[in-house]
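In numbering that gives the first Met the number 0, the protein residues as written are 0 to 316. A virtual CB, placed ideally from N, CA and C, is assigned to each residue, including glycine. A quick write-up on the structure given underneath.
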Amino acid sequence: MGKLYVPSQTLTPLDRVREALDRAESGLSRVRGAGPQALDLLHLCDQIANELRELDRTQADVRAERVRFEMVQERLRRSQQGILREVDAGLRRAREQVQPDPSHWWWYLDAAVVSQRRRTLLRAGAVAGAAIGLLAVAVLVYQRLLAPPPEVGQAFRHLEAGRDLVEAGSLPAALENFAAAADLTPGDPEPWLWKGVVYDRLGDTTEAEHAFQAAQSLFDTILDFYLSRGWAYLESGQTAKAELDAQRAIAEDPNSGWAYYLQAATDVGRGEYEQALEDLNQAAELGKAAADSRLEALARTQQTQLMRMVPLPDPTQ
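Here it is, written out as structure tokens:
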């Protein structure tokens with residue numbers, strides 16, 4: 000009989016949470032190309048949520064770990080299209096096996112996105128009254144059968160391919176993918192935003208304005224439009240234009256913490272780290288005032304990370 004392996008150091012429950020958080024944070028940085036292994040992120044979120052719940056019962060201080068978990072979930076939301084592209088139908092099969100707690104929203108990324116598409120369609124008035132009823136029935140069927148419409152999956156793939164092509168500098172090919180996504184999900188503003196960004200980079204201001212007008216009509220508010228376009232500009236490397244949208248968002252709503260969060264991201268893009276710290280502090284304070292714990296946690300954590308990049312003042316000068 001072989002010897003029983005005993006680890007030299009037994010992990011405590013808090014150690015296990017921190018280790019799972021480390022793995023989740025690392026995995027979120029490598030979603031692209033992960034394939035079915037991207038599902039590991041959802042299992043890690045289950046582990047973290049369950050162990051934090053157990054630690055709460057022992058009255059352990061897990062405030063720092065909860066902030067990290069909030070950030071993991073925020074990154075998961077922002078990466079949901081990429082994750083769906085990687086796992087494809089594997090999400091539904093895994094969900095059927097796991098039978099997750101309904102509060103573990105990460106197992107329903109596809110449902111969340113379909114619901115978002117439905118909301119944008121209704122907001123835009125893109126369908127007539129009878130069609131709205133049919134769409135509501137379709138969403139109900141989706142929620143029960145957990146099978147996303149094929150056009151939604153196709154639109155995801157076109158959007159992600161387009162963003163990859165923008166990053167690679169292949170703008171005409173990127174534009175084709177965004178146009179295909181817009182055709183598949185005409186009520187979703189994101190393909191229109193990206194069409195506008197690409198046309199802008201190509202110097203076609205007329206088509207860019209047309210695309211931006213179409214995108215704006217699909218948002219609830221002009222503030223949402225400025226914020227979303229600002230992030231798209233930033234992702235595409237157009238920091239100056241992202242900054243203009245951040246300033247427009249602040250002018251539209253001076254109490255929007257997310258507008259200052261975007262402003263801080265553009266500060267970082269220009270290397271203005273001290274200004275970024277000020278804007279992150281403003282974002283955190285506004286998030287706190289609005290009871291937006293997610294924004295407050297993100298801004299405070301970014302502040303901490305950024306402080307390591309800001310040189311300390313020389314006391315001799």
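Status (buried if at least 16 other CB within 10 Å, exposed otherwise) for residue i
{"i": "I249", "result": "buried"}
{"i": "G270", "result": "exposed"}
{"i": "S292", "result": "exposed"}
{"i": "L20", "result": "buried"}
{"i": "R76", "result": "exposed"}
{"i": "R52", "result": "exposed"}
{"i": "N176", "result": "buried"}
{"i": "L10", "result": "exposed"}
{"i": "A264", "result": "buried"}
{"i": "R162", "result": "buried"}
{"i": "G229", "result": "buried"}
{"i": "R92", "result": "exposed"}
{"i": "I221", "result": "exposed"}
{"i": "M306", "result": "exposed"}
{"i": "L94", "result": "According to the sequence shown, residue 94 is Arg rather than Leu. So R94 ends up on the buried side."}
{"i": "P190", "result": "buried"}
{"i": "D100", "result": "exposed"}
{"i": "D266", "result": "buried"}
{"i": "G202", "result": "exposed"}
{"i": "Q96", "result": "exposed"}
Continuous alpha helix (DSSP H) stretch holding residue i: start and end
{"i": "W191", "result": "188-201"}
{"i": "P12", "result": "12-27"}
{"i": "G229", "result": "221-234"}
{"i": "H209", "result": "204-215"}
{"i": "T303", "result": "292-306"}
{"i": "H157", "result": "149-167"}
{"i": "Q274", "result": "272-288"}
{"i": "N176", "result": "170-183"}
{"i": "Y322", "result": "Residue 322 is absent from the structure shown; the chain starts at 0 and stops at 316."}
{"i": "Q237", "result": "Note, Q237: premise wrong, no alpha helix (DSSP H); not H, not E."}
Nearest residue (CA-CA) to residue i, options the options
{"i": "G286", "options": "G195, L276, H42, A298", "result": "A298"}
{"i": "A63", "options": "Q98, L13, E73", "result": "L13"}
{"i": "Q302", "options": "A290, Q274, D163", "result": "Q274"}
{"i": "W257", "options": "K240, T238, A288", "result": "A288"}
{"i": "F155", "options": "A167, E24, R65, A181", "result": "A181"}
{"i": "Y198", "options": "Y232, P35, S216, T220", "result": "Y232"}
{"i": "A23", "options": "Q98, T57, L40, T11", "result": "L40"}
{"i": "R65", "options": "I47, D203, L305", "result": "I47"}
{"i": "G186", "options": "D219, R200, L164, E73", "result": "D219"}
{"i": "E242", "options": "D252, N254, L261, E50", "result": "L261"}
{"i": "F68", "options": "H103, R56, Q96", "result": "H103"}
{"i": "L38", "options": "K194, E50, D87", "result": "D87"}
{"i": "R29", "options": "Q58, N49, R56, E85", "result": "E85"}
{"i": "E150", "options": "T184, G168, A178, S169", "result": "T184"}
{"i": "S169", "options": "E189, R200, P188, Q153", "result": "R200"}
{"i": "A178", "options": "D60, V61, A207", "result": "A207"}
{"i": "V379", "options": "E234, E95, A59, E159", "result": "This structure cannot settle anything about residue 379, because the visible part of the chain is limited to 0 through 316."}
{"i": "G268", "options": "W193, Q237, Q72", "result": "Q237"}
{"i": "G32", "options": "T204, E284, P190, S78", "result": "S78"}
{"i": "G81", "options": "L158, P171, L43", "result": "L158"}
{"i": "Q357", "options": "R74, E295, L276", "result": "Not covered by the structure: residue 357. The range shown for the chain is 0 to 316."}
{"i": "G152", "options": "L174, A213, G89, V165", "result": "G89"}
{"i": "D109", "options": "Q98, L83, Q72, V97", "result": "L83"}
{"i": "L192", "options": "A296, G26, D223", "result": "D223"}
Check: residue i C-beta below 8 Å from any heavy atom of the ligand COA
{"i": "D244", "result": "Among the components modelled here there is no ligand, and therefore nothing to report on the ligand COA."}
request  = Could you tell me which uninterrupted alpha helix (DSSP H) segments, each at least 4 residues in length, are contained entirely in the segment 36-98, listed from first to last along the chain?
outcome  = 39-56, 62-77, 79-86, 89-97
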